[in-house]
Amino acid sequence: MPYRQKYDTMKKLIYFRIKHMKYSSQESFETEPSSIADTEFLLRGTFNEIAFVDNFDKKYVSAPFVNQLIDPELQGYAADMIVYDIVEKIRNEKIDIIRRGNKPPVFKVVGIPDSGLYLATAVSERLGWKLAPGRKGPNPPPGAWKDQFIIEEKVRSYTTGAMSSFAFNGINPLEDNVLVIDDVVAKGYTSNLVIEEFLKRGVNVIGLAAYFDKMEQKGVSTVEDNTGVKTFPALRVEKIYRDSLQLSDPHFYIEDDSTPTP
Numbered sequence: 337m338p339y340r341q342k343y344d345t346m347k348k349l350i351y352f353r354i355k356h357m358k359y360s361s362q363e364s365f366e367t368e369p370s371s372i373a374d375t376e377f378l379l380r381g382t383f384n385e386i387a388f389v390d391n392f393d394k395k396y397v398s399a400p401f402v403n404q405l406i407d408p409e410l411q412g413y414a415a416d417m418i419v420y421d422i423v424e425k426i427r428n429e430k431i432d433i434i435r436r437g438n439k440p441p442v443f444k445v446v447g448i449p450d451s452g453l454y455l456a457t458a459v460s461e462r463l464g465w466k467l468a469p470g471r472k473g474p475n476p477p478p479g480a481w482k483d484q485f486i487i488e489e490k491v492r493s494y495t496t497g498a499m500s501s502f503a504f505n506g507i508n509p510l511e512d513n514v515l516v517i518d519d520v521v522a523k524g525y526t527s528n529l530v531i532e533e534f535l536k537r538g539v540n541v542i543g544l545a546a547y548f549d550k551m552e553q554k555g556v557s558t559v560e561d562n563t564g565v566k567t568f569p570a571l572r573v574e575k576i577y578r579d580s581l582q583l584s585d586p587h588f589y590i591e592d593d594s595t596p597t598p
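When we follow the numbering used here, the leftmost residue of the sequence shown carries the number 337, and every step to the right adds one.
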């Protein structure tokens with residue numbers, strides 16, 4: 337099946353999946369989403385209700401359901417939004433796809449260790465793309481990883497304050513089209529490094545997606561300016577105050593007088 341036709345079909349499946357989702361926690365979700373706009377609306381509402389400023393001076397935002405005690409339904413919302421975005425970009429030829437010879441293009445999902453792996457798994461399942469595993473540190477599982485791809489971190493992580501290396505497996509330069517996933521983009525140091533190293537070694541990075549980013553710290557713009565790779569955070573924190581947060585405008589619907597602000 338030609339890949340454009342494949343993604344037309346995939347888009348219909350995404351709509352079907354979202355429309356027919358059933359949630360086990362009626363206390364948390366009184367209404368199931370019927371469209372990608374409803375999905376975003378529910379995710380934004382939950383984020384606004386639960387997320388808080390943990391350290392104002394460092395602009396730390398805590399959203400426990402994102403990476404502390406992961407809520408699979410909410411993670412699924414973010415994954416559906418990411419999948420919808422990347423499928424639309426491929427369908428509308430807004431990103432360059434590579435292929436080897438006459439073979440169909442190869443797509444993979446890569447999560448930035450550690451916290452990006454969880455969302456990457458959900459995205460991979462929805463897209464049906466293989467998930468290239470990653471871990472911190474240069475040492476792979478004994479006897480398991482044959483095609484190791486090592487990246488030495490050259491900058492200190494803004495969030496953890498630590499410097500580390502990353503190892504990925506199953507990535508084929510000059511053949512793979514890779515969607516990179518992280519949980520949060522702050523200043524963008526780590527995601528920028530990983531993407532730049534992939535590009536230098538011939539890996540075609542078709543996008544960076546995240547659960548949310550913090551716009552004041554300009555990580556998304558840093559990645560886009562330095563690498564040219566398009567980004568998609570499911571949620572965008574526009575302003576961080578001492579006791580509250582403000583999200584930017586939604587991706588998939590317009591807030592007006594008839595639309596309750598999530």
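Glycine residues also receive a C-beta, built at the ideal position from the N, C-alpha and C atoms.
These numbers come from a predicted model, not from an experiment.
What does DSSP give as the partner residues of residue i in its beta bridges?
i: Phe548; result: Val520, Leu571
i: Ser501; result: Glu488
i: Ser460; result: Answer is none; Ser460 lacks a bridge partner.
i: Arg436; result: BP columns for Arg436 are empty, so no partner.
i: Asp512; result: Val442
i: Arg471; result: Ala503
i: Ile636; result: Residue 636 falls outside the range modelled here, since the chain spans only 337 to 598, and no answer is possible.
i: Lys466; result: Lys444
Within this structure, are the beta carbons of residue i and residue j separated by less than 7 Å?
i: Leu515; j: Gly538; result: no
i: Gln553; j: Lys523; result: yes
i: Asn513; j: Ile542; result: yes
i: Trp465; j: Lys482; result: no
i: Met417; j: Ala570; result: yes
i: Lys536; j: Ser500; result: no
i: Gly470; j: Val521; result: no
i: Val559; j: Asn528; result: yes
i: Phe568; j: Asp421; result: yes
i: Ala468; j: Val442; result: no
i: Ala415; j: Ala387; result: no
i: Ile517; j: Ala456; result: yes
i: Ala463; j: Val419; result: Residue identity differs from the one stated: residue 463 is Leu in this sequence, not Ala. Yes, the Cβ-Cβ distance between Leu463 and Val419 is below 7 Å.
Under three-state DSSP, which class holds residue i?
i: Val539; result: coil
i: Leu529; result: helix
i: Tyr396; result: strand
i: Asn391; result: strand
i: Gln582; result: strand
i: Tyr420; result: helix
i: Glu363; result: Here Glu363 scores only 39 on pLDDT, less than 50, and its place in the model should not be relied on; the value that follows carries that caveat. Coil.
i: Gly452; result: helix
i: Lys425; result: helix
i: Gly381; result: helix
i: Gly447; result: strand
i: Phe588; result: coil
i: Pro369; result: coil
i: Ile406; result: coil
Evaluate residue i with the Cβ neighbour count: other Cβ atoms within 10 Å of its Cβ, from every protein chain shown; 16 or more gives buried, anything less gives exposed.
i: Gln404; result: exposed
i: Ile486; result: exposed
i: Pro369; result: buried
i: Asp390; result: exposed
i: Asp519; result: buried
i: Ser580; result: exposed
Between the segment 397 to 404 and the segment 432 to 441, do at least 3 Cβ pairs fall closer than 8 Å?
no
Item checked: Contact between the segment 564 to 583 and the segment 433 to 453 (3+ Cβ pairs under 8 Å) -> No, they do not touch.
Task: Inter-stretch contact at 8 Å, needing at least 3 Cβ pairs: the segment 583 to 591 / the segment 372 to 379 - done: yes
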